[in-house]
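Undergrad:
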Amino acid sequence: MRKRKTCLFVMLILALVFSLSGCKKVYTKKDMIEYAEQTLEDKYGEEFQVRGDVFNVRGSSYSANVSPVNNPEIIFEVGYNAAGSKASLDYYIEALVASQYKELAEKELEELSCDYYLQVKIHWDKRENPITNTDITIEEFNDITEEMFQEPDYFLYFSKDILEKSDEYIYETILSIMEIREGRVDIFILMEEDLELVKTELSERYDLDGSTMSYIYDEYDGESINRKKGYIHFMGGSQKEKLSYEEFTEKMEVIREDAKQW
């Protein structure tokens, strides 16, 4: 009799454990994709599509690259918890504003004969009242955003052919972009295959994959032995002032000499 009571007690404990564990839903990647697309549609009133797979998955939390269906060239990042947590982020409005800066900047690059890729990013501003106006202009965005979130980050990826241009031409081109709005500027002069790698990834992602980003910086920063010297940090971060023309030409002289070995 005592043995039967013990068995019944154990069965009740196991049943309780299984019932409690059953309350915790396991979210698949398909669930996460559907959650992101539906959440964005509810917020902005248009359809969205997740590009590729979700990443940075931790339980039900994750990140994804997304585009509006009617404008697939706009790619932005979101971070959600499929369980419905309020902790979330999406860069859609920032990506829309960044695309306007990119369009203006590319007008300054129209006469450039070499291959290049321009990436423009705007810092995400976590607002109590989210912006949902997808027709927002740069001016409207700046009117309702703190100044620290308004400066664009320009990442200029040039092919090695840019070295056929004079330092003065390259410098003036960069300054013309900064006149649109001053912000961080990073310049990369790359081998053709590495430029293609950047262009391919940024055609599907908001940002370069971490391993690709590390490779580009490590391969071209010139700090390590046997690395190419093809990177110029022109302005941004703790560097409050842009490079002077003299500073720029000094860096370009090193790059031009090093590029002879590529």
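First residue of the sequence shown: 874, per this note's numbering; consecutive thereafter. Here a beta-carbon is modelled for each residue, glycine too, at the ideal position from N, C-alpha and C.
1) Is Ile1004 near the ligand ATP - that is, is its Cβ less than 7 angstroms away from at least one heavy atom of it?
2) Please confirm whether Met1021 and Ala955 have their CB atoms less than 8 angstroms apart.
3) How many angstroms separate the CA atom of Asp1059 from the CA atom of Thr1073?
4) Which residues bound the alpha helix (DSSP H) around Leu982?
5) Just grab the DSSP bridge partners of Leu977 for me.
6) Taking all protein chains shown into account, decide if Ser1076 is buried (16 or more other Cβ within 10 angstroms of its Cβ) or exposed.
7) Could you tell me the distance, in whole angstroms, from the CA atom of Ser894 to the CA atom of Ser972?
8) Enumerate in chain order the residues of its own chain whose CB-to-CB distance from Asn1015 is below 8 angstroms, with the five nearest sequence positions on each side excluded.
9) In whole angstroms, what is the alpha-carbon distance linking Gly1056 and Glu983?
10) Work out the CA separation of Val1127 and Asp1080 for me, nearest whole Å.
11) Which of the three DSSP states is assigned to Val927 in this structure?
12) Could you have a look at Ala956 and say whether DSSP puts it in helix, strand or coil?
13) Would a C-beta distance cut-off of 8 angstroms place Leu991 and Leu1048 closer than the cut-off?
14) Expressed to the nearest angstrom, what Euclidean distance is found between the alpha-carbon atoms of Ser936 and Ser1039?
15) Which value, in whole angstroms, describes the spacing of the CA atoms of Glu1114 and Glu1120?
16) Using only the alpha-carbon positions, how far apart do Val993 and Tyr1027 sit?
17) Just verifying my parser: in three-state terms, what is the DSSP assignment at Leu1029?
18) Cα separation between Phe1061 and Glu1092?
19) Using the beta-carbon count (16 or more within 10 Å), is Met1125 buried or exposed?
20) I believe Asp926 touches Phe949 by the beta-carbon criterion, under 8 angstroms. Please report the beta-carbon distance rounded to the nearest angstrom.
21) Given that a residue counts as buried once 16 or more other Cβ atoms are within 10 Å of its Cβ, and exposed if not, what is Asp1067?
22) What's the call for Tyr965, buried or exposed, on a 16-neighbour Cβ count within 10 Å?
23) Using the DSSP secondary-structure output, state which residues sit across from Lys1102 in a beta bridge.
24) List the whole-angstrom C-beta distance separating Glu1012 from Asp998, where the pair is believed to meet the contact cut-off of C-beta under 8 angstroms.
25) So the alpha helix (DSSP H) Ser1076 belongs to, where does it begin and stop?
TA: Straight from the coordinates:
1) The ligand ATP is absent from the structure shown, which contains no ligands of any kind.
2) Taking the C-beta atoms as reference points, Ala955 is found no nearer than 8 angstroms to Met1021.
3) For the pair Asp1059 and Thr1073, the Cα-to-Cα distance works out to about 19 angstroms.
4) From DSSP, Leu982 is part of no alpha helix (DSSP H); its letter is neither H nor E.
5) Partner residues in a beta bridge of Leu977, as assigned by DSSP, do not exist.
6) Exposure of Ser1076 is indicated by the presence of fewer than 16 other C-beta atoms within 10 angstroms of its C-beta.
7) Bear in mind that a pLDDT of 49 at Ser894, under 50, signals an unreliable position, so the number given afterwards is only what the model happens to contain. It is roughly 46 angstroms from the alpha-carbon of Ser894 to the alpha-carbon of Ser972.
8) The beta carbon of Asn1015 sits closer than 8 angstroms to the beta carbons of Gln1023 from its chain, once the five residues preceding and following it are set aside; these are given in chain order.
9) Whole-angstrom Cα-Cα distance: 21 angstroms.
10) A straight line joining the alpha-carbon of Asp1080 with that of Val1127 spans about 28 angstroms.
11) DSSP places Val927 in strand when its eight states are reduced to three.
12) The DSSP-derived three-state label of Ala956 is coil.
13) Going by C-beta atoms, Leu991 is not nearer than 8 angstroms to Leu1048.
14) When rounded, the distance between both Cα atoms is 42 angstroms.
15) Taking the straight line joining both Cα atoms gives about 12 angstroms.
16) In a straight line, the C-alpha of Val993 is about 5 angstroms away from that of Tyr1027.
17) For Leu1029, the three-state secondary structure derived from DSSP is strand.
18) Taken atom to atom, the span from the alpha-carbon of Phe1061 to that of Glu1092 is near 11 angstroms.
19) Burial call: buried.
20) Incorrect: roughly 16 angstroms between the Cβ atoms, too far for contact.
21) By the Cβ-count criterion, Asp1067 is buried, with 16 or more other Cβ atoms from all chains shown falling within 10 Å of its own Cβ.
22) Flag for Tyr965 reads buried.
23) DSSP links Lys1102 through a beta bridge to Asp1094.
24) For a cut-off of 8 angstroms, the C-beta gap from Glu1012 to Asp998 is around 16 angstroms, too long to register as a contact.
25) Unbroken run through Ser1076: none, as it is neither H nor E.
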